[in-house]
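First residue of the sequence shown? That's 1 in full-length UniProt numbering, and the numbers climb one at a time after it.
Just so it is clear, CB atoms sit at the ideal spot from N, CA and C, and this is done for glycine as well.
Predicted model only: the values in this text are computed from it and were never measured.
Report on one structure; see the data block that follows.
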Amino acid sequence: MVTLAGLVGAAISAWLISEGMLWIGGVVMLFAGILDLFDGALARSTGRDSPFGALLDSVVDRVSEIVVLLGLLIYYARGDSLEGTVLVYLAVDCKVGIMTRPERVAALGIGLIVGHWVPVVILIVLGVIAGLTTLTTVQRLIHTGRELGEG
C-alpha cells in the first residue's frame, strides 16, 4: 500500500511539474521518495514482505521515476527552451554505485525546487544525474562481473 502511495505521489508530482509548479512538484516528489524508503522496512516489520512485493516495489520505483521525468518533459515541450531538448536519464536498480535511486530522487527533487527560481539548475542536475548514473552503471557492471567470477 505504501508503494502505491509513492506512485500516486509521483503522479501528482509529475502533474505539478508539467503545469510549471516545479518547486511544489519537487517537494511532493521528495515526500513520495521518502515514503519509498520505508515501504520495504514496513513490510518486513509486519511480516508482509514477499518476493512479489520486492518485485512490485522495484517496478513501481522505475515507473515513478519515468512518470516524474515525463512531467518534466511535458513542461519543457510546452516551451521553447534549450533545456527541454536535453533529457538523459538512466534508471538502474542495484545496491552498489555512486548514484543509486535515493540519490537520484534527492538530486532531481532539489533540482526541481531550486530550478523554479534558477531554471538552468534543472539542466545541470539532469546532466549530473546522467553522468553519475552512467558511472554507476559501469561500477555495477564491474561489481557483477567480479561476483560472477568473470571480471
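| Asked | Found |
| --- | --- |
| Length of the line joining the Cα atoms of Ala54 and Val8 | 18 Å |
| Residue span of the alpha helix (DSSP H) that contains Thr46, given as start and end | No alpha helix (DSSP H) contains Thr46, which DSSP labels as neither H nor E. |
| Exposure of Asp93, with buried meaning 16 or more beta-carbon neighbours within 10 Å | Note that Asp93 has pLDDT 41, beneath the 50 cutoff, so the model's placement of it is unreliable and no number is given. |
| Proximity of Ile66 and Arg104 at Cβ, strictly below 7 Å | no |
| Contained beta strand (DSSP E) runs [length at least 3] in the segment 51-84, N- to C-terminal order | none |
| Contact check, Gly111 vs Val121, beta carbons under 7 Å | yes |
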